[in-house]
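Q:
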Amino acid sequence: MNPELSWALSAGCVLVAAIVRGLTGFGFAAIAVVGLAMLGSLQQAVPLVLFLEVASSVMLLRSAWREADYRLLKRLLLASACGVPCGVLLLTGIDSGGLAVGVYLLVGLLAILGLTRIRLPLGEGRTGAWLVGASSGALIAAFSIGGPLVVAWLSHCGLRAHALRATLIMFFFVVDIAALGGLAAASAIPADTGRQALLMVPALLLGLWLGQQLFARIQADQAARFTQWLLLVLAGVGLLGRAWS
């Protein structure tokens with residue numbers, strides 16, 4: 001694949017993922033990492049997606065800062081601090097091909113759980129927060145995906161749509177920075193990742209703006225279900241691509 005086509009496909013993937021992030025507050029990493037992993041390796045895709053995740057969170061922080069549920073956010077962040085180092089070790093220690101298949105299977109499973117509204121047997125108290133937070137921290141550092149798990153748990157905690165979206169934005173902002181720090185300490189960030197992230201910023205900005213416009217016009221439940229279906233389709237395409245190759 002020539003560089004121009006690769007860049008165009010990558011930018012398109014980031015655009016779609018950013019629209020979803022602006023609309024629902026989650027889904028960017030899962031969509032982007034699955035798409036970018038098809039165009040390269042997971043070890044290249046994860047740091048790039050984390051950079052873009054942090055940038056998108058910064059652009060959404062102003063509204064999220066006022067509406068987030070800080071009681072639940074604090075519990076999740078403390079737990080995620082334990083999971084991030086495990087995720088860094090996982091990303092840097094496993095074969096890229098097998099890891100990518102695991103990502104597709106995980107994304108597909110989480111999407112199915114979201115679509116079927118299966119309640120996670122984790123509880124809504126401190127124990128559930130620690131299990132979800134630690135697992136999501138590890139998943140974000142290893143695969144740049146952890147959103148569906150956090151969404152599935154928070155959706156059962158009685159949060160309004162705006163509070164849920166804001167809490168997710170704040171959570172990902174902090175955990176993504178921690179994951180990038182862990183990957184940098186492990187020398188697992190390719191040298192040109194920063195340049196690639198800058199090239200993707202226009203697509204990111206456009207997608208976030210479009211997603212925020214849609215947020216004011218579409219019901220939160222409809223947006224969440226659309227995102228889950230999109231994740232399921234992408235996971236299936238990724239698995240078919242691996243099987244074909």
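For the sequence shown, the positions run 1 to 245 when full-length UniProt numbering is used. Cβ coordinates follow ideal geometry from the N, Cα and C atoms, glycine included. All values derive from a computational prediction rather than experimental measurement.
Does the ligand SAM have even one heavy atom less than 8 Å from the beta-carbon of L61?
A: In the structure shown, the ligand SAM is absent, as is every other ligand, since no ligand is present at all.
Q: What are the complete alpha helix (DSSP H) segments, minimum 4 residues, inside the stretch 16-91?
A: Segments of the alpha helix (DSSP H) lying fully in the stretch 16-91: 28-39 and 42-67.
Q: Are I19 and G211 touching if we call contact CB-CB under 9 Å?
A: Taking the first residue of the sequence shown as 1, we reach residue 19 at position 19. Taking the first residue of the sequence shown as 1, we reach residue 211 at position 211. Yes, Cβ-Cβ distance for I19 and G211 is below 9 Å.
Q: Based on Cα-Cα distance, which residue from N2, C13, V103 and V175 lies nearest to A203?
A: As a first step, residue 203 must be located in the sequence shown, where it is residue number 203. For the residues N2, C13, V103 and V175, the minimum Cα distance to A203 belongs to C13.
Q: Return helix, strand or coil for A178, following the three-state DSSP convention.
A: Here residue 178 refers to the residue found at position 178 of the sequence shown. Here A178 sits in helix by DSSP.
Q: Assuming S135 is part of the alpha helix (DSSP H), what are its boundary residues?
A: Here residue 135 corresponds to residue number 135 of the sequence shown, with the count starting at 1. First-last of the alpha helix (DSSP H) with S135: R126 to F143.
Q: Would DSSP call D221 helix, strand or coil?
A: As a first step, residue 221 is located in the sequence shown; it is residue number 221 there, counting from the start. Reduced to three states, the DSSP call for D221 is helix.
Q: Please state the DSSP three-state secondary structure of P3.
A: Looking up residue 3 in the sequence shown gives position 3. Three-state result, P3: helix.
Q: For L113, tell me which candidate among T127, R165, R126 and L149 has the shortest Cα-Cα distance.
A: Position 113 of the sequence shown, counted from the start, is the residue given in the question as residue 113. Selected option, being the one with the closest Cα: L149.
Q: Who are the near neighbours of D69 in its chain, counting only those whose CB is closer than 7 Å to its CB and skipping five residues on each side?
A: To locate residue 69, count along the sequence shown from 1; it is residue 69. Correct list, in chain order: L159, A163 and T167.
Q: Quick check on T227: buried or exposed, where buried means 16 or more other Cβ atoms within 10 Å of its Cβ?
A: Taking the first residue of the sequence shown as position 1, residue 227 is located at position 227. Classification of T227: buried, given that the 10 Å Cβ count is 16 or more.
Q: Classify V65 as buried or exposed, calling it buried when 16 or more other Cβ atoms lie within 10 Å of its own Cβ.
A: Walking along the sequence shown from the start, residue 65 turns up at place 65. Here residue 65 is Trp; the residue named in the question, Val, does not match the sequence. That one is exposed.
Q: Could you work out which residue in A178, G22 and A224 is closest to S63 when comparing CA atoms only?
A: Position 63 of the sequence shown, counted from the first residue, corresponds to residue 63. Closest by alpha carbon: G22.
Q: With a CB to CB cut of under 8 Å and the five nearest residues on each side skipped, what residues in its chain are close to V33?
A: What you label residue 33 is simply residue 33 of the sequence shown in a count that begins at 1. Result list for V33: L42, A45, V46, V49, V103, F143, S144 and I145, in chain order.
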